[in-house]
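In my numbering, the protein residues as written are -13 to 36.
Comments concern the structure below.
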Amino acid sequence: MLPPDHARRHHAAVPHDDKALRIIDGAGHNDNLLFAPAYFSAIRDFLSKR
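Right, here's the structure in full:
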């Protein structure tokens, strides 16, 4: 997890169309356990479309 500004820059820099950006409101750097439902939902959504 990255700060939103960094995440947007990284997302824009990826040259592939097969990508996704999910901003989790209130989450900070490495807060994946504090925001586990949203974090893992984003991963499941991404993987289910591939």
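Using N, Cα and C, we set each Cβ at its ideal position, and we do this for glycine too.
Distance CB(residue i)-CB(residue j) smaller than 9 Å
i   : j   : result
Y25 : I10 : yes
R30 : D4  : no
F41 : A6  : Past the boundaries of the shown model lies residue 41; the chain is included only from -13 to 36, so the question cannot be answered.
Endpoints, alpha helix (DSSP H) assigned at residue i
i     : result
L33   : 22 to 34
D(-9) : -10 to -1
Chain-order list of residues whose beta-carbon lies under 8 Å from that of residue i (same chain, five-residue window excluded)
i      : result
P(-11) : G14, H15
H(-4)  : L(-12)
Neighbourhood of residue i by C-beta, 6 Å cutoff - its chain only, sequence neighbours within 5 removed
i   : result
A28 : R8
F21 : I10, A13
Interface flag, residue i vs chain C, CB-CB below 9 Å
i     : result
D(-9) : The structure shown contains no chain C; it is built from a single protein chain.
Sequence-distant residues of the same chain with beta carbon closer than 7 Å to residue i, five excluded per side
i   : result
D17 : M(-13)
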